[in-house]
Amino acid sequence: MRKEVMLATLGLRAGYGGKPVLQGLDLEVREGEIVAVIGRNGVGKSTLMKSLIGLIPATEGSIVYKGAAVERLAAHRRARLGVGYVPQGRDVFPRLTVGENIAVGGMRAGGVSVADRERVLGYFPILRERWNQRAGTMSGGQQQQLAIGRVLVANPSLILLDEPSEGIQPNIVQDIARIMVDLNRATGTTIVLVEQNIDMIRAMAQRCYVLDKGRIVAQLDRAALADGEAMRRHLAV
Ligand SMILES: Nc1ncnc2c1ncn2[C@@H]1O[C@H](COP(=O)(O)OP(=O)(O)OP(=O)(O)O)[C@@H](O)[C@H]1O
Ligand SMILES: [Mg+2]
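For the sequence shown, position 45 matches number 1186 in this note's numbering, and the numbering has no gaps at all.
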């Protein structure tokens, strides 16, 4: 059975002020997929994520989510439609506790239900242990789990994850990858993942787009992901 397209971009262009970054980008992600976007530093991966969630405007082209054009919608409206965004560098509120950060994630829905909280803590038990701790005092890996938990509490249909492995110990990277794959299998949540960490890409992605200079220049299937030489070439700095 072929699943519905959940997210597509068509000729997407976006950038900063007068500086174009995305130069007519086309991609397509189906419901329930885990798709990685890879590429060297500065090719526009985070710019793509920011334009998908609506933090920077599309200057041309379209973004279709669940069959509707969303490129003109503000970020909070896209979030309300079920798009969850975990930014590069995590951006948890350092002075708020874990519990308070999770509460912020549930605000849009009018609060966090016990069921939603327990569901998130089921995926990330460390957040229960650290519930009353200030987020800024936790390790990078713990903060990353909190950033994902804060998005999960709102029950997104699509999660945009920007370099979740950055600055995190390898064993925690593997934990997070496994948890995200479990979540995807259990709930069918679609995941678009920006990454440069080969281990995380292999552990999570079913296929992968290669981004260079604001355009998709290659697509890799699962078999190609296993080709170490090709992967290193696409990721080489
Ligand atoms: N806020 C900004 N204002 C102006 N230019 C920016 C801004 N953010 C990024 N850029 C530039 O846009 C280009 C793409 O940046 P982007 O952050 O999308 O790259 P990236 O692929 O995510 O890189 P990295 O792997 O380092 O995270 C780069 O040339 C970068 O310097
Ligand atoms: Mg980036």
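Cβ atoms here follow ideal geometry from the backbone N, Cα and C, with glycine treated the same way. Just so you know, these numbers come straight off a predicted model, no measurement behind them.
- Given a length threshold of 3 residues, each whole run of the beta strand (DSSP E) inside the segment 1197 to 1251 is given here in chain order: 1201 to 1206, 1224 to 1227.
- Taken from the Cβ of Y1350, every heavy atom of ligand 1 lies 7 Å or farther away.
- Residue nearest to E1307 within the set R1231, E1370, R1219 is R1231 (criterion: CA-CA distance).
- When DSSP assignments are scanned along the segment 1299 to 1340, the uninterrupted stretches of alpha helix (DSSP H) that are 4 or more residues long and fall wholly within it turn out to be 1311 to 1328.
- Within the same chain, Cβ atoms closer than 7 Å to the Cβ of P1297 are found at G1223, V1224, G1225, T1330, the five residues on either side in sequence being excluded.
- Following the DSSP letters along the chain, one finds E1169 inside the beta strand (DSSP E) bounded by residues 1160 to 1171.
- Proximity of the beta carbon of T1200 to ligand 1 is not indicated: no heavy atom of the ligand is located closer than 7 Å.
- C-alpha of L1299 to C-alpha of Q1337: approximately 20 Å in a straight line.
- Every residue whose Cβ sits closer than 5 Å to any heavy atom of ligand 1 is listed here in chain order: Y1157, V1162, N1182, G1183, V1184, G1185, K1186, S1187, T1188.
- Here the segment 1181 to 1197 lies against the segment 1210 to 1223, with 3 or more beta-carbon pairs under 8 Å apart.
- For V1162, the closest C-alpha among the options V1178, E1172, T1200 is that of T1200.
- CA-CA distance, E1212 to G1252, rounds to 27 Å.
- For the pair Q1285 and G1165, the Cα-to-Cα distance works out to about 31 Å.
- A residue is called buried when at least 16 other Cβ atoms come within 10 angstroms of its Cβ; R1363 does not meet this threshold and is exposed.
- Counting every other CB atom within 10 Å of its CB across the protein chains shown gives V1239 a total of 16 or more, marking it as buried.
- Y1157 counts as exposed, since fewer than 16 other beta carbons sit within 10 angstroms of its beta carbon.
- Residue environment: M1279 is assigned as buried (16 or more neighbouring CB atoms within 10 Å of its CB, all protein chains considered).
- Between I1317 and L1287, the alpha-carbon positions lie close to 11 Å from each other.
- Here A1371 carries a helix assignment [DSSP, helix/strand/coil].
- DSSP places G1156 within a strand segment (E or B) once states are collapsed to three.
- Here DSSP, grouped into helix, strand and coil, assigns Q1283 to helix.
- C-alpha of L1168 to C-alpha of E1145: approximately 14 Å in a straight line.
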